[in-house]
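Position in the sequence shown (first residue = 1) + 1434 = the numbering used here. Below: the structure, in structure tokens.
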Amino acid sequence: MPEQPAPEHAPRHETLIGAIRRYLATHPAAADTVEGIAGWAVGAVASVTADEVRTALTHMEARGEVARRDAGGTEVFARTDAAHGARGTVRIGVDLGGSKTEVIALDGNGRELVRRREPTPHNDYDAILALVATLIAGAERDSGATPGNTTVGVGTPGSLSRATGLLRGSNSVCLNGMPVRRDLEARLGRAVALANDANCFALSEATDGAGQGGDVVFGVILGTGVGGGIVVRGRVLDGCNSIGGEWGHNPLPWPTDDERPGAECFCGQRGCIETWLSGPGMARDHQVVGGDALPAHEIVARAAAHDAASVASLARYEERLARALAHVINIVDPDVIVLGGGLSNVDRWYKSVPRLWTRWVFSDRVDTKLVRHAHGDSSGVRGAAWLAA
Ligand SMILES: [Zn+2]
């Protein structure tokens, strides 16, 4: 098996961004080339390369901190007017879930200023909008934000149809078919960014979590369902159908004969990745091969206590996870894959899966990192806050 190198470039990347910020803060009129910035950044980050500087600047550009300009045929980067105020900007994020709705306010450095959580009103569209509006107003007030200096993002299951602006695929069914963003904007009198909750997870981890520093980050949710989101240089890859990263309802790749046709999925297909890699999927597979009817977390606990049937179930699961991720690597080739959701908290995946996926990845070596989320349950709401950045 090839060794899996784990380049720890995330702290270095962040040090570099910090150095560029400090330089721009003290030289507001400076505009410099990538090579020029690399030259003075060497003092802060030893042997920094132009590629590293370009990656850092691209991330800062996505956050609106620097702008790319053409200076007589030469590409230069300069501080934006917005960058100076960025530290004072308060980013409000809302995670609108089926059972609870959470709000967070972050300062320009990603520090949490306010957090509040309420039960989501059941099946009552107007009450849900009213709650979201109240939570946002409260977070704005309690964070001490100055008027006009806040951004608002909302993460929720499902996605907005580009064609109609209506939400679809939400498990809060009263939101489906409704113009959620338009109605929220009308109620709040301001722009609102709205994205799928898995995209918010990926954005949170790519911005200042376990995927920080990666050019391309694939965020994976392994929970009651299986979802995913792709972030490219600090921006969510939404896609023309707004389904970028939705891998859970692709079929399990390289299936064996006994894996076909697979269990029925709620989406109407059979053998979807979700039917294998969700918590209920693991539980079903465990039972199909003769194990007890147990929830996934119990199978994981029994495996830790060396129960042979549960150990075997985890081995089947991690091999399928490796296949499913190899498929993604062959298409998107992310620098980092971040796992979230209840089934991401199994230590062995982070060693076993990168050993296994080399068999299916179409490359002589695989440098992709597989890492556990850094922000846990907070990733959804943090990512929502970063949406409007
Ligand atoms: Zn499906």
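The C-beta atom is built at its ideal place from N, Cα and C for all residues, glycine as well.
Residue i: buried (16+ other C-beta within 10 angstroms of its C-beta) or exposed?
i     : result
S1744 : buried
N1675 : exposed
T1709 : buried
C1706 : buried
I1655 : buried
Q1529 : A small fix is needed here, since residue 1529 is Asp in this sequence, not Gln. Answer is buried; the Cβ neighbour count reaches 16.
P1581 : exposed
F1652 : buried
E1499 : buried
H1809 : buried
S1533 : exposed
N1633 : buried
H1807 : buried
R1503 : exposed
V1607 : exposed
R1455 : buried
H1761 : buried
G1531 : buried
G1814 : buried
Can you tell me which of the three DSSP states residue i falls into?
i     : result
F1635 : helix
R1488 : helix
L1530 : strand
S1778 : helix
S1593 : strand
P1714 : helix
E1546 : strand
N1684 : coil
E1499 : coil
R1669 : strand
I1451 : helix
T1554 : coil
R1793 : coil
V1766 : helix
I1771 : strand
I1538 : strand
T1508 : strand
For residue i, which residues from the same chain have a beta carbon less than 7 Å from its beta carbon, with the 5 sequence-adjacent residues on both sides left out?
i     : result
L1790 : E1752, E1753, A1756
R1718 : A1697
T1508 : T1467
S1577 : V1524, A1539, L1547, V1548
W1688 : R1757, W1794
From residue i to residue j, what distance separates their C-alpha atoms?
i     : j     : result
G1775 : S1812 : 11 Å
A1490 : V1614 : 34 Å
L1609 : D1541 : 30 Å
A1579 : G1673 : 33 Å
L1773 : V1482 : 29 Å
R1513 : L1450 : 15 Å
G1679 : I1763 : 12 Å
G1702 : D1631 : 22 Å
M1716 : T1802 : 25 Å
W1794 : A1453 : 40 Å
V1780 : D1767 : 24 Å
I1526 : E1552 : 16 Å
R1799 : T1792 : 7 Å
G1724 : L1777 : 21 Å
W1783 : V1722 : 22 Å
D1691 : D1726 : 24 Å
T1568 : D1485 : 44 Å
E1469 : E1639 : 29 Å
H1447 : R1545 : 19 Å
G1645 : G1668 : 10 Å
F1796 : D1649 : 20 Å
G1663 : S1593 : 12 Å
I1733 : E1693 : 20 Å
A1561 : G1611 : 16 Å
G1473 : A1496 : 23 Å
L1622 : A1742 : 56 Å
G1522 : A1746 : 52 Å
S1595 : I1677 : 9 Å
T1584 : D1617 : 19 Å
R1602 : W1681 : 17 Å
A1475 : L1458 : 12 Å
For residue i, collect the residues of the same chain with a Cβ closer than 8 Å to its Cβ; drop the 5 residues on either side in sequence, then sort them by chain order.
i     : result
F1700 : none
P1714 : T1658, A1730
L1565 : T1535, E1552, T1554, P1555
R1488 : V1468
Apart from the five residues on each side of it in sequence, which residues of its chain come closer than 6 Å, Cβ to Cβ, to residue i?
i     : result
P1695 : R1704, G1705
L1748 : A1737
L1637 : V1665, V1670, G1817, W1820
P1591 : S1604, N1605, D1631
H1518 : Caution is warranted here: a pLDDT of 45 is assigned to H1518, below 50, making its placement in the model unreliable, and the coordinate value is therefore given only provisionally. Counting only Cβ-Cβ distances below 6 Å, and skipping sequence neighbours, we find nothing.
I1471 : V1487
Which runs of the alpha helix (DSSP H) fall wholly inside the region 1574-1625 and span at least 4 residues, in chain order? 1614-1622
Any chance you could list the alpha helix (DSSP H) runs of at least 4 consecutive residues sitting entirely within the region 1722-1752, in chain order? 1730-1738
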